[in-house]
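First to last, the protein sequences are chains R and G. So the first sequence is residues 1 to 497, counted in this note's numbering. So the second sequence is residues 498 to 615, counted in this note's numbering.
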Amino acid sequence: MIEHLPVLLVVLPIIGGAIPLAASLVSDRAGWPVATVTLIGQAGLAGLLAWTVGTNGTVSYAVGGFAAPYGIELVVDGLSGAVALLVAVVSLGVLAYSRQAGPHSGPFYGLYLLLVAGLTGMTITGDVFNLYVFLEITGLAAYGLVASGRDASAAVAALKYLIIGTVGASLYLLGIGYLLAATGTLNMADLATKLGEMAAYDSTLVLTAFGLMVGGLTVKVALFPLHTWQPDAYANAPDTVSAFISALVSTVSAYALARLLFSVFTVEFLTAVPVARWALVGLACVSIIAGSALAVSQDSVQRMLAYSSVSQFGLVIAGFAIATPLAVIGATVHLLGHAVMKGGLFAATGVIERKTGATTVSGYAGMGSRVPISAFAFAVLSLAMVGVPPAVGFVGKWYIVLGAVNAENWPVVAVLLASTLLTLAYFARLVERLYFAEATIHTEHDEAPVTDGSGQAISFGMIAVVVIAAALAVALTAAVPMLEQVLRETLPPLLNQ
Amino acid sequence: MFELLNSHYNYFAVMLLLGIGLYMLIESRNLVKKVIGMNIFQTGIFLFFITLAFRAGGNPPIIKEGGGPYVSPLPHVLILTAIVVGVSLTAVALALIIRIYTEYGTLDEDKLKQLYYD
């Protein structure tokens with residue numbers, strides 16, 4: 001049983017996801033309890049797996065008993081163990097939020113669990129083609145979830161997301177074709193050794209594969225200028241879904257990009273082909289600046305948060321591309337921290353909108369006293385995102401900047417430092433409005449229509465999720481040394497250069 | 498030039514399909530045509546993989562007496578999976594298009610944009 005942990009982690013949500021679908025034929029309310037039980041099990045398994053990785057090192061699993069280079073391999077090391085645990089915990093948290101807020105239908109929870117399965121699969125797979133399959137499972141579930149909003153605009157946003165996302169995934173698939181032509185293998189570890197030996201790093205075949213695969217994944221990560229699907233998708237999806245996908249989908253795609261950089265192409269490739277590194281760092285820097293500039297110019301809070309993701313993921317990708325040990329640890333910390341902070345922020349906007357009707361930056365004026373707890377959590381999360389110590393947002397940025405200083409990439413250091421100021425530009429504005437501005441919405445908002453008829457627009461669970469996210473954004477700082485140690489132990493080829 | 502075309506015609510077909518698909522995806526204003534373009538684009542990629550697996554004089558990868566040399570079975574399996582993914586994506590896209598059409602009454606992207614941002 002225990003040695004099958006990695007595969008159970010993917011199978012459990014798929015089976016759990018089929019049950020609400022079948023149960024919805026009988027009762028429409030069966031979805032939430034089934035999903036809760038499944039995800040509690042999932043979180044338990046992920047915790048056990050992360051603990052195993054922390055104590056015994058990397059876990060590898062041959063699916064169906066077919067040995068690694070030919071069969072499909074699941075590999076869990078410090079990085080993927082941490083991300084798998086994040087996926088399980090965040091999806092459980094958002095589930096608590098969805099009990100009151102979300103669409104309640106059985107198919108919704110079926111898709112929700114399918115998305116968890118896809119994300120977990122992307123996290124723990126050790127095979128580039130398997131990564132494509134899970135990428136598309138994640139994509140399909142995410143398109144369906146975005147479209148589950150009541151407005152038809154959600155369908156338009158979902159179609160846009162689908163078309164752009166499919167092009168991204170298809171480019172990634174084309175890149176796999178080039179890699180297969182160059183080396184004849186699909187296993188990540190096997191590719192890493194064969195890329196150096198069988199195909200030179202700077203051969204056209206390998207460079208094209210790198211460009212296509214990284215290009216495809218950056219669409220999913222939503223780096224500027226490939227981010228256009230993201231604001232529409234986040235702003236039009238139901239609150240539950242925007243909290244969920246903003247916290248996890250881009251995060252896991254960024255993880256996949258890191259996995260591709262370090263486990264497939266390896267740091268030697270980045271050193272041998274400086275153009276590839278500079279292209280990626282350049283894209284990340286443009287993303288940081290353009291994302292912040294677009295975020296400042298938004299009036300809708302949810303669109304502002306979406307553009308903020310574009311800029312924050314630029315920071316993460318810059319950290320990975322610099323590829324010094326410190327920068328990689330910083331990027332990982334910021335990746336995990338960003339998931340908690342951004343998910344919490346979207347959850348908070350949902351609560352504030354339901355309670356007061358405010359959705360725009362000007363509408364947030366003076367709302368600090370109307371929704372004291374959520375507004376305070378929102379402010380804490382905003383400041384954590386800016387990088388005020390001791391929040392986790394500070395630690396991640398600090399390490400990335402230190403890594404860039406060590407690598408003596410001075411232009412990048414300048415952009416990274418500026419990114420903090422830019423983040424402050426759009427978050428400080430919101431916090432200032434929340435607490436120090438004259439209210440613009442005076443009438444008591446007639447609370448949003450409630451789908452389950454209990455007469456309450458927000459529940460204890462929704463506020464608890466927001467508050468816990470805010471607490472975690474600060475408390476996670478204490479876990480950073482532990483994460484750093486696990487990463488150093490399980491990723492030696494990468495971190496002890 | 499003609500020699501290259503003659504020996505590498507499969508790669509030219511792949512490039513042509515990728516180009517046509519991507520062009521339709523970007524340029525066509527009709528949402529259904531966009532989805533068709535998406536499918537053509539993916540078909541180009543499928544053909545690219547199948548081309549990779551080909552070897553002159555190879556048999557289908559079904560082991561029998563005195564068989565071999567065989568074409569590589571791996572890309573065929575990969576593409577079978579990718580085709581399934583492509584079909585499900587098309588199904589989801591068409592379902593979304595039906596919903597958009599019943600709500601907005603148009604499949605024209607420009608008209609939709611006006612309705613969408615109002």
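Beta carbons: idealized from backbone N, C-alpha and C, even for Gly.
For residue i: DSSP bridge partner residues
| i | result |
| --- | --- |
| Leu74(R) | Tyr61(R), Thr125(R) |
| Tyr567(G) | Asn556(G) |
| Ser300(R) | Thr360(R) |
| Asn507(G) | BP columns for Asn507(G) are empty, so no partner. |
| Asn187(R) | Asp127(R) |
| Asp605(G) | Asn527(G) |
Environment of residue i [buried if 16+ CB atoms lie within 10 Å]
| i | result |
| --- | --- |
| Leu114(R) | buried |
| Pro231(R) | buried |
| Gly563(G) | exposed |
| Arg29(R) | exposed |
| Gln611(G) | exposed |
| Asn130(R) | buried |
| Phe509(G) | exposed |
| Gln302(R) | buried |
| Gly455(R) | Note that Gly455(R) has pLDDT 47, beneath the 50 cutoff, so the model's placement of it is unreliable and the number below is only indicative. When all chains shown are included, Gly455(R) counts as exposed. |
| Pro449(R) | Any reading at Pro449(R) must be qualified, since the residue scores a pLDDT of 48, below 50, and its modelled position is unreliable; the value itself is stated next. The residue is exposed, with fewer than 16 neighbouring Cβ atoms inside 10 Å. |
| Trp51(R) | exposed |
| Gly330(R) | buried |
| Leu5(R) | buried |
| Phe320(R) | buried |
| Trp229(R) | buried |
| Asp77(R) | buried |
| Pro238(R) | buried |
| Met498(G) | exposed |
| Ser369(R) | exposed |
| Asn503(G) | exposed |
| Leu25(R) | exposed |
| Val37(R) | exposed |
Beta-carbon proximity check, residue i vs residue j, cutoff 7 Å
| i | j | result |
| --- | --- | --- |
| Leu186(R) | Val128(R) | yes |
| Ser60(R) | Thr123(R) | no |
| Ala348(R) | Val466(R) | yes |
| Ala142(R) | Val89(R) | no |
| Leu514(G) | Gly554(G) | no |
| Ile537(G) | Gly518(G) | yes |
| Ala407(R) | Ile317(R) | no |
| Val53(R) | Ser91(R) | no |
| Ala182(R) | Leu205(R) | yes |
| Ile288(R) | Leu315(R) | yes |
| Tyr31(R) | Tyr109(R) | Sequence inspection shows Gly at residue 31(R); the Tyr mentioned does not correspond to that position. Result yes, Cβ atoms of Gly31(R) and Tyr109(R) sit closer than 7 Å. |
| Ala379(R) | Val431(R) | yes |
| Val395(R) | Val333(R) | yes |
| Gln312(R) | Met304(R) | no |
| Tyr201(R) | Val267(R) | no |
| Ala384(R) | Gly393(R) | yes |
| Tyr598(G) | Leu604(G) | yes |
| Leu388(R) | Leu424(R) | In the sequence as displayed, the identity of residue 388(R) is Val instead of Leu. No, these two residues do not count as a Cβ contact at 7 Å. |
| Tyr172(R) | Met198(R) | no |
| Gly165(R) | Gly184(R) | no |
Residue range of the unbroken alpha helix (DSSP H) whose run includes residue i
| i | result |
| --- | --- |
| Met462(R) | 460 to 475 |
| Ser292(R) | 274 to 296 |
| Pro13(R) | 5 to 23 |
| Pro33(R) | 31 to 56 |
| Phe510(R) | With chain R represented from 1 up to 497, any question about residue 510(R) goes unanswered, as that position is not in the structure. |
| Tyr172(R) | 153 to 183 |
| Lys655(G) | Residue 655(G) is absent from the structure shown; chain G starts at 498 and stops at 615. |
| Ser105(R) | No alpha helix (DSSP H) holds Ser105(R); DSSP gives it neither H nor E. |
| Met367(R) | First-last for Met367(R): undefined, no H or E at that position. |
| Ser253(R) | 239 to 259 |
| Pro231(R) | 229 to 236 |
| Ser374(R) | 372 to 386 |
| Leu217(R) | 204 to 221 |
| Lys561(G) | Unbroken run through Lys561(G): none, as it is neither H nor E. |
CB-CB length for residue i against residue j, believed under 8 Å
| i | j | result |
| --- | --- | --- |
| Val94(R) | Thr240(R) | 6 Å |
| Leu45(R) | Leu21(R) | Actually they are not in contact, since the Cβ atoms of Leu45(R) and Leu21(R) sit about 22 Å apart, beyond 8 Å. |
| Gly337(R) | Ala473(R) | 7 Å |
| Ala377(R) | Gly344(R) | 7 Å |
| Leu502(R) | Ala169(R) | The requested residue 502(R) does not occur in the structure, where chain R is confined to residues 1 to 497. |
| Gly177(R) | Leu586(G) | Actually they do not touch by this definition, with Cβ atoms about 18 Å apart. |
| Phe262(R) | Leu195(R) | The pair is not a contact, with the Cβ atoms about 13 Å apart (cut-off 8 Å). |
| Ala339(R) | Ala247(R) | 5 Å |
The ligand ADP heavy atom lying under 6 Å from the CB of residue i
| i | result |
| --- | --- |
| Met188(R) | What this structure holds is no ligand at all, so the ligand ADP is not there to describe. |
Closer than 7 Å to chain B by CB, residue i
| i | result |
| --- | --- |
| Leu549(G) | Considering every chain present, this structure includes no chain B. Its protein chains are R and G. |
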